[in-house]
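Worksheet for the structure shown next.
This is how it looks when you write it as structure tokens:
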């Protein structure tokens, strides 16, 4: 069973940057398409970005050009570099296997505020 642990969130001013990490257990991590998702207060969880096993990426339009998803298969870890953060990016961020989600981790809180 894949277990997911997100980290790297925090409080940042508008325009700032954060790098999120997601460590996954399991020896077959490298074959999964991995995704980052977020859930803002009072809203449903939404997709943010995905990365294939070969490194092909896709992004939600509102984060394209500001966020970068990457992965290190040797470390079973996927990352989300977030630049030019906006107040509307405030949410709990989660990672999971795209289209075949495993049990969700606890997420990591991102707050963007001056």
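Residue numbers (this note's numbering): 4 to 117. Even glycine gets a Cβ: it sits at the ideal position worked out from N, Cα and C.
Who are the near neighbours of residue i in its chain, counting only those whose CB is closer than 7 angstroms to its CB and skipping five residues on each side?
i           : result
residue 117 : 16 and 17
residue 87  : 18 and 69
residue 94  : 41, 42, 43 and 113
residue 89  : 17 and 115
residue 33  : 56 and 76
What does the alpha-carbon distance come out to for the pair residue i and residue j?
i           : j           : result
residue 74  : residue 60  : 10 angstroms
residue 84  : residue 20  : 7 angstroms
residue 106 : residue 24  : 17 angstroms
residue 31  : residue 98  : 16 angstroms
residue 22  : residue 82  : 7 angstroms
residue 1   : residue 91  : Look at the range of the chain in this structure, 4 to 117, and you will see that residue 1 is not part of it.
residue 4   : residue 80  : 16 angstroms
residue 62  : residue 104 : 18 angstroms
Buried or exposed: which applies to residue i, given that a residue is buried once 16 or more other Cβ atoms fall within 10 Å of its Cβ?
i           : result
residue 72  : buried
residue 38  : buried
residue 77  : exposed
residue 102 : exposed
If I measure Cβ to Cβ from residue i and keep anything under 6 angstroms in the same chain, skipping five residues before and after, which residues do I get?
i           : result
residue 8   : 26 and 108
residue 48  : 40 and 42
residue 100 : 35
So the beta strand (DSSP E) residue i belongs to, where does it begin and stop?
i           : result
residue 12  : Unbroken run through residue 12: none, as it is neither H nor E.
residue 47  : From DSSP, residue 47 is part of no beta strand (DSSP E); its letter is neither H nor E.
residue 88  : It is not in any beta strand (DSSP E) - residue 88 carries neither H nor E in the DSSP assignment.
residue 110 : From DSSP, residue 110 is part of no beta strand (DSSP E); its letter is neither H nor E.
residue 38  : 37-42
Any chance the segment 104-111 sits against the segment 56-68, with 3 or more Cβ pairs inside 8 angstroms? Touching, no, given that fewer than three Cβ pairs across the two stretches are closer than 8 angstroms.
Between the segment 52-63 and the segment 7-14, are three or more C-beta pairs nearer than 8 angstroms? In short, these stretches do not touch, since the Cβ pair count stays below three.
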